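S.K.: Okay, here's the structure, questions in a sec.
There are 2 protein chains.
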Amino acid sequence: MTMSPIVQDFVLHFGEMGSRWGINRSVGQIYALLYASREPLCADDMVSELQISRSNVAAGLKELQSWGLALLRHRPGDRRDYYTTPEDVWSILRTLAEERKKREVDPTLALLAEVVTRTPRDENEEYAQKRMGEMHDLIARLSSWYDDVKGLETERLLMLLGMGARVTRLLETADKMTSFARKAERDQNEKV
Amino acid sequence: MTMSPIVQDFVLHFGEMGSRWGINRSVGQIYALLYASREPLCADDMVSELQISRSNVAAGLKELQSWGLALLRHRPGDRRDYYTTPEDVWSILRTLAEERKKREVDPTLALLAEVVTRTPRDENEEYAQKRMGEMHDLIARLSSWYDDVKGLETERLLMLLGMGARVTRLLETADKMTSFARKAERDQNEKV
DNA sequence: CAAAGTTTTCAGAAAAAACTGAAAATACAG
DNA sequence: CTGTATTTTCAGTTTTTTCTGAAAACTTTG
Chain A
1 MTMSPIVQDF VLHFGEMGSR WGINRSVGQI YALLYASREP LCADDMVSEL
51 QISRSNVAAG LKELQSWGLA LLRHRPGDRR DYYTTPEDVW SILRTLAEER
101 KKREVDPTLA LLAEVVTRTP RDENEEYAQK RMGEMHDLIA RLSSWYDDVK
151 GLETERLLML LGMGARVTRL LETADKMTSF ARKAERDQNE KV
Chain B
1001 MTMSPIVQDF VLHFGEMGSR WGINRSVGQI YALLYASREP LCADDMVSEL
1051 QISRSNVAAG LKELQSWGLA LLRHRPGDRR DYYTTPEDVW SILRTLAEER
1101 KKREVDPTLA LLAEVVTRTP RDENEEYAQK RMGEMHDLIA RLSSWYDDVK
1151 GLETERLLML LGMGARVTRL LETADKMTSF ARKAERDQNE KV
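Same order as they appear, the protein sequences are chains A and B. Under our numbering, the residue at position 26 of the first sequence is numbered 26, and the numbers go up by one with no gaps. Under our numbering, the residue at position 187 of the second sequence is numbered 1187, and the numbers go up by one with no gaps.
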């Protein structure tokens, strides 16, 4: 138990938020501890820092690994498993987005796609199907936007974020600009 | 229990996904049922459709209302409370995003902002603080992008989604285009 | 204001999730 | 191969969450 106040507050916060984020307290705390420590930690470090059982740590690490949020490391001459989190916060975000999409979005998208193809038996089913279609459309659009954007290098992603809502203004004027530019180009050629 | 197969599958799916989404089965089922039905439903309708207790329905509705996902309706000459979901799926998305940000993101952003201001006691704390700063920066950027984008009318939001990753290409060429357009404009004026 | 209809509250039951300690399995060193 | 260090598994316990039925509290109607 050598956690400094800053790290302790961070760890406890992650523990408390865990339930809202769909992970349990231990998993939240383990992740926070790993994230904030300079050196990789082994399971027993976590046991003593977080005061939870060894097997609880093991389960938590397994879950974090399944999310791609804990990475195995080894130290020469030490048989124990050490863990860290991925360094780059933007890659962590990508990992998280990918996993959550896979677990929380894709199954629903698949279900919606399926039910929408069925033949409705009456007006109520027809209405229900229309609604499901709307939901499917929304999720599919978000999904495809995500697929499009996830490949961007971080630099460009930052650019996109920084641009915020201004992109749409740009989009709206884009047509005008291109058409204007084309016209200008034609004029240019005429001149020559 | 007059649910058609389509609605039933939809309702059961929402019930099952509930735990992944941070709501419980009943809440998921109630929402799905409301979402798919043409007419508003009263609590007893839900009790008989979903076969869960009256008080469970009441609790579920209370929670859905706290999310802004269930709306109270009344029928003339009927004292019971009826419920629907908001019509427009895009407004549902906005509501959901707003609530989740408030519950799942803002508290952490606040904590990070606070711990980052403290004076570190040693190199470990310094490192931890650096990491927390990186996390804060990431979340702050996403937050501010969200604040920027949430005000867009749906039409423009769709435009933005449709554009996907292409916006960054556009951004990168935007400078060139504007300068070219300006030049063309000058040439245009010369001609006159 | 009494009776009926309806929603809300709440104590406790049931179910699910999280956690533990101990034992089993695995990996390695000598 | 034996003994030790380490991780994994698992049956059972604790805690938390969800759900229920009954009672209380409203609300409306006659």
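Here a beta-carbon is modelled for each residue, glycine too, at the ideal position from N, C-alpha and C. Remember, it's a predicted structure, so these values are computed and weren't measured experimentally.
Do you know offhand how far W90 (chain A)'s Cα is from R156 (chain A)'s?
M.R.: In the first sequence, residue 90 (chain A) corresponds to position 90, counting from 1. In the first sequence, residue 156 (chain A) corresponds to position 156, counting from 1. One C-alpha to the other measures close to 12 Å.
S.K.: Which bits of chain A does Y995 (chain B) rub up against, with CB to CB less than 7 Å?
M.R.: Because chain B in this structure spans residues 1001 to 1192, residue 995 (chain B) falls outside the shown range and cannot be described.
S.K.: Taking the alpha-carbon positions, what's the H136 (chain A) to P5 (chain A) distance?
M.R.: Counted from its first residue, the first sequence places residue 136 (chain A) at position 136. Counted from its first residue, the first sequence places residue 5 (chain A) at position 5. The alpha-carbon atoms of H136 (chain A) and P5 (chain A) are separated by roughly 46 Å.
S.K.: Take H13 (chain A) and list the residues in its own chain whose beta-carbon comes closer than 8 Å to its own, dropping the five residues that flank it on each side.
M.R.: Here residue 13 (chain A) corresponds to residue number 13 of the first sequence, with the count starting at 1. Answer for H13 (chain A): A32, listed in chain order.
S.K.: Report whether the distance from the Cβ of E49 (chain A) to the nearest heavy atom of the ligand PLP is below 7 Å.
M.R.: This structure lacks the ligand PLP, and indeed carries no ligand of any kind.
S.K.: Does the Cβ-Cβ distance between R54 (chain A) and A70 (chain A) come in under 8 Å?
M.R.: The residue given as residue 54 (chain A) occupies position 54 in the first sequence. The residue given as residue 70 (chain A) occupies position 70 in the first sequence. Their beta carbons are not under 8 Å apart, which means R54 (chain A) does not touch A70 (chain A) by this criterion.
S.K.: Between A:A165, A:P86, A:G133, A:G22, which lies nearest to R1131 (chain B) when the distance is taken from Cα to Cα?
M.R.: The residue you call residue 1131 (chain B) lines up with position 131 of the second sequence. Of the candidates A:A165, A:P86, A:G133, A:G22, the one whose C-alpha sits nearest the C-alpha of R1131 (chain B) is A:P86.
S.K.: Measuring CB to CB, does G1060 (chain B) end up less than 8 Å from V1027 (chain B)?
M.R.: If you number the second sequence from 1, residue 1060 (chain B) lands on position 60. If you number the second sequence from 1, residue 1027 (chain B) lands on position 27. Yes, Cβ-Cβ distance for G1060 (chain B) and V1027 (chain B) is below 8 Å.
S.K.: Name the residues in the region 1076-1089 of chain B whose C-beta lies less than 8 Å from a C-beta of chain A; which are they?
M.R.: Per Cβ criterion, the list reads V1089.
S.K.: Comparing alpha-carbon positions, which option in A:I30, A:N124, A:E39 lies nearest N1124 (chain B)?
M.R.: As a position in the second sequence, residue 1124 (chain B) is number 124, starting the count at 1. Closest option to N1124 (chain B), Cα to Cα, is A:E39.
S.K.: For the beta strand (DSSP E) containing T1095 (chain B), name the first residue and the last one.
M.R.: For the purposes of this step, residue 1095 (chain B) is identified with residue 95 of the second sequence, where counting begins at 1. First-last for T1095 (chain B): 1089-1100, but that is the alpha helix (DSSP H), not the beta strand (DSSP E).
S.K.: Let me confirm a value: T119 (chain A) is counted as buried when at least 16 other C-beta atoms fall within 10 Å, else exposed. Which label applies?
M.R.: As a working note, residue 119 (chain A) is residue 119 in the first sequence. T119 (chain A) comes out exposed.
S.K.: Taking the C-alpha atoms as reference points, what is the distance between Q129 (chain A) and V1047 (chain B)?
M.R.: Taking the first sequence and counting its residues from 1, the one referred to as residue 129 (chain A) is at position 129. Taking the second sequence and counting its residues from 1, the one referred to as residue 1047 (chain B) is at position 47. Rounded to whole angstroms, Q129 (chain A) to V1047 (chain B) spans 23 Å at the Cα level.
S.K.: Residues of chain B with CB under 9 Å from R94 (chain A), in chain order?
M.R.: Numbered from its first residue, the first sequence carries residue 94 (chain A) at position 94. Those within 9 Å of R94 (chain A) in chain B number zero; the least Cβ separation is about 11 Å.
S.K.: Among all the DSSP beta bridges, which residues are the ones paired with T84 (chain A)?
M.R.: Indexing the first sequence from 1 puts residue 84 (chain A) at position 84. A:L71, per the DSSP bridge assignment.
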